[in-house]
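Student: Just dropping this structure here.
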Amino acid sequence: MTLALRLVNTDGQSTTASLRIERRPPPTILTVTLQSGGRLLVRGGNFSQGIFSTLARSVLTLVSQDGDTQFTAQIPSSFRLPANSPTVSLTIQNSDGRSHGVLLPRSMFEAEMATSSANGVNTERTWESASAAPTMEIADVVAGKQLYHFKLMIVHEQYSSPNQG
Numbered sequence: 002m003t004l005a006l007r008l009v010n011t012d013g014q015s016t017t018a019s020l021r022i023e024r025r026p027p028p029t030i031l032t033v034t035l036q037s038g039g040r041l042l043v044r045g046g047n048f049s050q051g052i053f054s055t056l057a058r059s060v061l062t063l064v065s066q067d068g069d070t071q072f073t074a075q076i077p078s079s080f081r082l083p084a085n086s087p088t089v090s091l092t093i094q095n096s097d098g099r100s101h102g103v104l105l106p107r108s109m110f111e112a113e114m115a116t117s118s119a120n121g122v123n124t125e126r127t128w129e130s131a132s133a134a135p136t137m138e139i140a141d142v143v144a145g146k147q148l149y150h151f152k153l154m155i156v157h158e159q160y161s162s163p164n165q166g
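Residues 2 to 166 (my numbering) are what the sequence shown spells out, left to right.
Following this line, the structure appears as structure tokens:
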């Protein structure tokens, strides 16, 4: 959004200026790591302070936040995997209402839920978003007016577990 400003002195002299106001980009999830004890480490960008997150409709408790690039959240003990679904949704929302969601593989959570965190086994698993892939931005500007703008990306998803080779 661009605002046109006109400042006028008491003697009638004036000047004009324009001020461009840009909204903060929406949050983006790049990697999610399930840590022992049911904590999620979420890395990405554009996270506002006090980010709100849900996992399959269960509200996560924000444990810590490191700037606008990562946060750790606790999965509630009442969390249950969705029945008959191969994926689990993770959604994050900034204070301005802008959000981003990803679908995580169900298998990422099954071992953690079946294993007691007290047994000392490292159950850390990481998911990497296709958003981490290289992107190419394309824009067509004619006579100062943007006609279109979009991103192309190489789509891939990667899931790793300590037990995978």
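The beta-carbon is built from N, C-alpha and C at its ideal position, and this holds for glycine as well.
Shortest alpha-carbon distance to S37 belongs to which of W128, E129 and F110?
Tutor: With distances taken between Cα atoms, S37 lies closest to F110.
Student: Can you give me the start and stop residues for the beta strand (DSSP E) that P106 sits inside?
Tutor: It spans S100 to P106 - the beta strand (DSSP E) in which P106 sits, taken as one unbroken run.
Student: For the putative contact between H101 and T32, defined by C-beta atoms under 8 Å, what is the C-beta separation to the nearest angstrom?
Tutor: Wrong, their Cβ atoms sit about 13 Å apart, outside the cutoff.
Student: Which partner residues of Q71 appear in the DSSP bridge assignment?
Tutor: According to DSSP, Q71 bridges with R44 and D67.
Student: Less than 8 Å between C-beta atoms, sequence neighbours within five positions excluded: which residues of the same chain meet that for V89?
Tutor: If we look at V89 and ignore the five residues flanking it on each side, its Cβ neighbours are L56, A57, L82, P83, L104, L105, P106, R107, M109 and F110.
Student: Shortest alpha-carbon distance to Q66 belongs to which of L41, P87 and N10?
Tutor: It is L41.
Student: Going straight from the alpha carbon of L8 to that of S19, what length do you get?
Tutor: The alpha-carbon atoms of L8 and S19 are separated by roughly 11 Å.
Student: Applying the 10 Å Cβ sphere with the 16-neighbour rule, what's the burial state of S54?
Tutor: Buried.
Student: What's the gap between the Cα of W128 and the Cα of G45?
Tutor: So the alpha carbons of these two residues sit roughly 12 Å apart.
Student: Could you check which residue in S59, P26, P77 and T16 has the C-alpha nearest to that of G39?
Tutor: The option with the nearest alpha carbon to G39 is P77.
Student: In terms of residue numbering, what span does the beta strand (DSSP E) encompassing S37 cover?
Tutor: Segment: none, S37 is in no beta strand (DSSP E) and carries neither H nor E.
Student: According to DSSP, what are the bridge partners of Q94?
Tutor: Bridge partners of Q94: F53 and S100.
Student: Which word fits R126, buried or exposed, when buried means at least 16 other C-beta atoms lie within 10 angstroms of its C-beta?
Tutor: Result: buried.
Student: What whole-angstrom Cβ distance do S59 and F80 have, given they're in contact under 8 Å?
Tutor: Contact flag correct, Cβ pair sits at about 5 Å.
Student: If you drop the 5 nearest sequence neighbours on each side, which residues of the same chain put their C-beta closer than 6 Å to that of Q75?
Tutor: The residues are R40, T62 and V64.
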